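So the protein lines, in turn, are chains A and B.
The first sequence lines up with residues 1 to 168 when you count with UniProt numbering.
The second sequence lines up with residues 1 to 131 when you count with UniProt numbering.
Every residue gets a Cβ at the ideal spot worked out from N, C-alpha and C, and that includes glycine.
Just so we're clear, the structure is a prediction, and the values are computed from it rather than from any experiment.
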Amino acid sequence: MVRFKHRYLLCEVVSDDPRCRLSLEDRVLGGLIRDTIARVHGTFGAASCSIGFAVRYLNAYTGVVLLRCRKEFYHLVCSALPFITYLENKGHRYPCFLNTLHVGGTIRTCQKFLIHYNRRQLLILLQNCTDEERQAIQKSVVRSCLLEERSDEEFSESGDEEAAEAME
Amino acid sequence: MCSALEKMPTPATTYERIVYKNPSEYHYMKVCLEFQDRGVGLNAAQFKQLLISALKDLFGEVDAALPLDVLTYEEKTLSAILRICSSGLVKLWSSLTLLGSYKGKKCAFRVIQVSPFLLALSGNSRELVLD
Numbered sequence: 001m002v003r004f005k006h007r008y009l010l011c012e013v014v015s016d017d018p019r020c021r022l023s024l025e026d027r028v029l030g031g032l033i034r035d036t037i038a039r040v041h042g043t044f045g046a047a048s049c050s051i052g053f054a055v056r057y058l059n060a061y062t063g064v065v066l067l068r069c070r071k072e073f074y075h076l077v078c079s080a081l082p083f084i085t086y087l088e089n090k091g092h093r094y095p096c097f098l099n100t101l102h103v104g105g106t107i108r109t110c111q112k113f114l115i116h117y118n119r120r121q122l123l124i125l126l127q128n129c130t131d132e133e134r135q136a137i138q139k140s141v142v143r144s145c146l147l148e149e150r151s152d153e154e155f156s157e158s159g160d161e162e163a164a165e166a167m168e
Numbered sequence: 001m002c003s004a005l006e007k008m009p010t011p012a013t014t015y016e017r018i019v020y021k022n023p024s025e026y027h028y029m030k031v032c033l034e035f036q037d038r039g040v041g042l043n044a045a046q047f048k049q050l051l052i053s054a055l056k057d058l059f060g061e062v063d064a065a066l067p068l069d070v071l072t073y074e075e076k077t078l079s080a081i082l083r084i085c086s087s088g089l090v091k092l093w094s095s096l097t098l099l100g101s102y103k104g105k106k107c108a109f110r111v112i113q114v115s116p117f118l119l120a121l122s123g124n125s126r127e128l129v130l131d
């Protein structure tokens, strides 16, 4: 079948500064990546990568970004990502770097990988929690799993929480 | 049909065929720089700077760092012999083609000869004059 094939790059924005992730915006990040590709790969790289380039998904809380590019030129985008050293937003410059987690051919494979990755990350983060945070997490998990015949609102709440977990 | 071929006598001389798949790592280019107005001079360092800036414009910092050497340079005629690794030949040639100006003055690169062997650049059959 004849279609345009893409590569989806799943990346994570890693930074010391906690304000860096909150100021993530898809347009700002897209512009930054295009400028970096133009600097590293010149006019040819900028033109060839910008045709199918888009920021498909952005999560400001976890810093996960999903980028799309054409299959023929994805190696240019991939090799330009380590040259991103800062994120600039409203005059503030935050030093950060992009960590590539997964390269997939479709959004679905990237989503499957992200669910798997998040589950492992949750376990790792739980070990580094303080006692208060651990108790708060236990309370919220018990509340969502507990089957009470109090009202139907309990069931719809737990369903929403599970769906939110799966989306992340 | 196979039995008829087998009955044919084997030839007395056998030959060996050796195939080289691009034996040379480098390609050598003889180029000449032409300016629109006369009287513009460049020394060897400025010439190399011009080549690298042409590569940087079109292909970025990664390909501006290709191992490029200016083997000979003549300031009077502005001609030079360049050496580039074979994978970078297409990139260098295309960036020389698209270079339009140096410090605001219009110029053009003329590529006279390209060869994977340096010896071939010493004699150009196009410049032969037959008596």
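In terms of alpha-carbon separation, which member of the options lies closest to residue i?
| i | options | result |
| --- | --- | --- |
| Gln-111 (chain A) | A:Ile-33, A:Ala-136, A:Leu-66 and A:Ile-137 | A:Leu-66 |
| Leu-118 (chain B) | B:Lys-21, B:Met-29 and B:Thr-14 | B:Met-29 |
| residue 169 (chain A) | A:Leu-123, A:Glu-133, A:Arg-120 and A:Val-103 | Since the first and last residues shown for chain A are 1 and 168, residue 169 (chain A) lies out of range. |
| Val-40 (chain B) | B:Arg-83, B:Ile-84 and B:Lys-106 | B:Lys-106 |
| Tyr-20 (chain B) | B:Ala-120, B:Pro-116 and B:Gly-123 | B:Pro-116 |
| Asp-37 (chain B) | B:Tyr-15, B:Val-129, B:Arg-126 and B:Gly-104 | B:Gly-104 |
| Val-14 (chain A) | A:Phe-53, A:Tyr-61 and A:Ala-54 | A:Tyr-61 |
Can you find a CB in chain B that lies within less than 9 Å of the CB of residue i?
| i | result |
| --- | --- |
| Ser-50 (chain A) | no |
| Arg-39 (chain A) | yes |
| Gly-45 (chain A) | yes |
| Ser-79 (chain A) | yes |
| Glu-165 (chain A) | In this prediction, Glu-165 (chain A) scores a pLDDT of 47, lower than 50, which makes its location untrustworthy; the coordinate-derived value is nonetheless stated afterwards. For Glu-165 (chain A), the answer is no, since every Cβ of chain B falls outside 9 Å of its Cβ. |
| Gly-42 (chain A) | yes |
| Asp-152 (chain A) | Note that Asp-152 (chain A) has pLDDT 48, beneath the 50 cutoff, so the model's placement of it is unreliable and the number below is only indicative. No, because no Cβ of chain B sits closer than 9 Å to the Cβ of Asp-152 (chain A). |
Which same chain residues end up closer than 8 Å to residue i when comparing Cβ atoms and leaving out the 5 residues on each side of it in sequence?
| i | result |
| --- | --- |
| Ile-84 (chain A) | Leu-32, Ile-33, Thr-36, Cys-96, Phe-97 and Leu-98 |
| Arg-56 (chain A) | Tyr-8, Leu-66, Leu-67, Arg-68 and Ile-107 |
| Leu-42 (chain B) | Leu-33, Leu-50, Glu-75, Leu-78 and Tyr-102 |
| Glu-153 (chain A) | Unreliable placement is indicated for Glu-153 (chain A), whose pLDDT of 47 sits below 50; no coordinate value is reported for it. |
| Leu-58 (chain B) | Lys-91, Ser-94, Ser-95 and Leu-98 |
| Leu-22 (chain A) | Ala-60 |
| Thr-72 (chain B) | Ala-80 and Ile-81 |
By the DSSP assignment, the beta strand (DSSP E) with residue i in it spans what residues?
| i | result |
| --- | --- |
| Pro-95 (chain A) | 92 to 104 |
| Asp-69 (chain B) | 68 to 74 |
| Ser-115 (chain B) | 105 to 115 |
| Leu-33 (chain B) | 26 to 35 |
| Leu-76 (chain A) | No beta strand (DSSP E) contains Leu-76 (chain A), which is instead part of the alpha helix (DSSP H) from 74 to 80. |
Who are the Cβ neighbours of residue i in its own chain at under 6 Å, not counting the five residues just before and after it?
| i | result |
| --- | --- |
| Ala-55 (chain B) | Note that residue 55 (chain B) is Leu in the sequence shown, not Ala. Hits under 6 Å: Asp-63, Ala-64 and Ser-95. |
| Ala-166 (chain A) | With a pLDDT of 45 at Ala-166 (chain A), under the threshold of 50, the modelled position of that residue is not reliable, and the figure given next carries that caveat. Contacts found: none. |
| Ile-84 (chain B) | His-27, Leu-68 and Leu-92 |
So is residue i in contact with chain A if we call contact Cβ pairs under 9 Å?
| i | result |
| --- | --- |
| Ser-125 (chain B) | no |
| Phe-109 (chain B) | no |
| Leu-58 (chain B) | yes |
| Val-62 (chain B) | yes |
| Met-1 (chain B) | Any reading at Met-1 (chain B) must be qualified, since the residue scores a pLDDT of 48, below 50, and its modelled position is unreliable; the value itself is stated next. No, Met-1 (chain B) lies away from the interface with chain A (no Cβ there is under 9 Å from its Cβ). |
Kindly indicate the opening and closing residues of the alpha helix (DSSP H) around residue i.
| i | result |
| --- | --- |
| Cys-129 (chain A) | Counting along the chain, Cys-129 (chain A) falls outside any alpha helix (DSSP H), and DSSP gives it neither H nor E. |
| Ala-64 (chain B) | 44 to 64 |
| Val-28 (chain A) | 26 to 49 |
| Ser-95 (chain B) | 89 to 97 |
Within its chain, find whatever has a CB closer than 7 Å to the CB of residue i; leave out the 5 residues flanking it on each side and keep chain order.
| i | result |
| --- | --- |
| Leu-99 (chain B) | Ala-54 and Phe-109 |
| residue 192 (chain A) | Here chain A comprises residues numbered 1 to 168, so residue 192 (chain A) is not present and cannot be evaluated. |
Taking all protein chains shown into account, do 16 or more other C-beta atoms lie within 10 angstroms of the C-beta of residue i, making it buried, or fewer, making it exposed?
| i | result |
| --- | --- |
| Gly-45 (chain A) | buried |
| Val-129 (chain B) | exposed |
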